[in-house]
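The structure appears below as structure tokens.
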Amino acid sequence: MDGIEILRSNYYDYEKNYWNRYQALRREGAEADAPKAPFRLAHEETLNDGSFDNVFFYEAFRIFDKQIIEKSLVSENPLVRILALLDRRLGKRRLLTLEESMEQELDWVRVFYVIRMQAEGLMVIKKSQEEPPCRRSHPFLPCGYVDHAWAASRTVEELDAVAGSHIQEKTV
Numbered sequence: 005m006d007g008i009e010i011l012r013s014n015y016y017d018y019e020k021n022y023w024n025r026y027q028a029l030r031r032e033g034a035e036a037d038a039p040k041a042p043f044r045l046a047h048e049e050t051l052n053d054g055s056f057d058n059v060f061f062y063e064a065f066r067i068f069d070k071q072i073i074e075k076s077l078v079s080e081n082p083l084v085r086i087l088a089l090l091d092r093r094l095g096k097r098r099l100l101t102l103e104e105s106m107e108q109e110l111d112w113v114r115v116f117y118v119i120r121m122q123a124e125g126l127m128v129i130k131k132s133q134e135e136p137p138c139r140r141s142h143p144f145l146p147c148g149y150v151d152h153a154w155a156a157s158r159t160v161e162e163l164d165a166v167a168g169s170h171i172q173e174k175t176v
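Take 5 as the starting number for the sequence shown in this note's numbering and just add one per residue.
As structure tokens, then:
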């Protein structure tokens with residue numbers, strides 16, 4: 005989005021991150037209770053960081069396509085939740101009711117919430133240096149108003165700086 009990479013669907017990056025996490029979990033003794041636990045935990049942590057193999061995207065789309073939008077919005081899979089946020093069946097009123105649940109959401113999933121809010125005209129990014137209407141620790145959530153999230157009072161560059169490790173510059 006605008007030269008910024010939000011997600012990384014790259015087999016090699018995913019495998020590298022996955023195996024590094026898996027090895028760390030094994031060193032910590034995560035397989036003591038369940039032998040397959042380190043595999044599952046390594047996958048979940050890698051996916052939560054926004055790195056995945058394209059096979060996982062196809063699986064997420066298959067899951068999303070076969071269930072109602074309400075189930076997709078609360079899915080354990082963040083890729084399914086993203087697809088639900090971008091779905092046209094999700095109207096403006098429902099988007100506004102999701103504001104509180106976005107507080108617990110992964111940073112890179114909240115980016116898609118902001119994209120959808122902007123597309124619906126519910127949030128506008130302004131190029132100003134005013135103080136934000138609220139002081140939340142996360143930049144992608146509305147502050148109780150319809151179109152004035154903390155992010156709305158910041159420039160795109162400031163949002164990129166705050167998002168930090170979850171959004172990396174796209175290599176061209």
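All C-beta atoms in this analysis are idealised placements derived from N, C-alpha and C, irrespective of residue type, glycine included.
Computed from a predicted model, the values in this text were never measured in an experiment.
Buried/exposed call for residue i, threshold 16 Cβ in 10 Å
{"i": "A58", "result": "The sequence given here has Asn at residue 58, not Ala. By the neighbour-count rule (16 or more Cβ atoms within 10 Å), N58 is not buried but exposed."}
{"i": "N24", "result": "exposed"}
{"i": "E32", "result": "exposed"}
{"i": "E74", "result": "exposed"}
{"i": "R114", "result": "buried"}
{"i": "F56", "result": "buried"}
{"i": "V118", "result": "buried"}
Residue i versus the options, residue with shortest Cα-Cα distance
{"i": "I67", "options": "N52, R85, R120, F56", "result": "R85"}
{"i": "N52", "options": "I10, L102, V128", "result": "I10"}
{"i": "E80", "options": "E49, K96, R92", "result": "E49"}
{"i": "L29", "options": "Q122, D69, R44, V113", "result": "R44"}
{"i": "L94", "options": "G7, Q108, I72, V128", "result": "I72"}
Whether residue i touches residue j by CB criterion (8 Å)
{"i": "Y26", "j": "A46", "result": "yes"}
{"i": "L83", "j": "L100", "result": "no"}
{"i": "S105", "j": "A88", "result": "no"}
{"i": "G54", "j": "R12", "result": "yes"}
{"i": "E63", "j": "K96", "result": "no"}
{"i": "F116", "j": "L90", "result": "yes"}
Unbroken alpha helix (DSSP H) run spanning residue i, endpoints
{"i": "Q122", "result": "111–123"}
{"i": "S76", "result": "73–77"}
{"i": "V84", "result": "82–90"}
{"i": "R98", "result": "96–101"}
Residue(s) in a DSSP beta bridge with residue i
{"i": "E12", "result": "It should be pointed out that residue 12 corresponds to Arg in this sequence rather than to Glu. S55."}
Residue i CB to nearest heavy atom of the ligand ZN below 7 Å
{"i": "L83", "result": "As far as ligands go, the structure on display features none, and thus does not contain the ligand ZN."}
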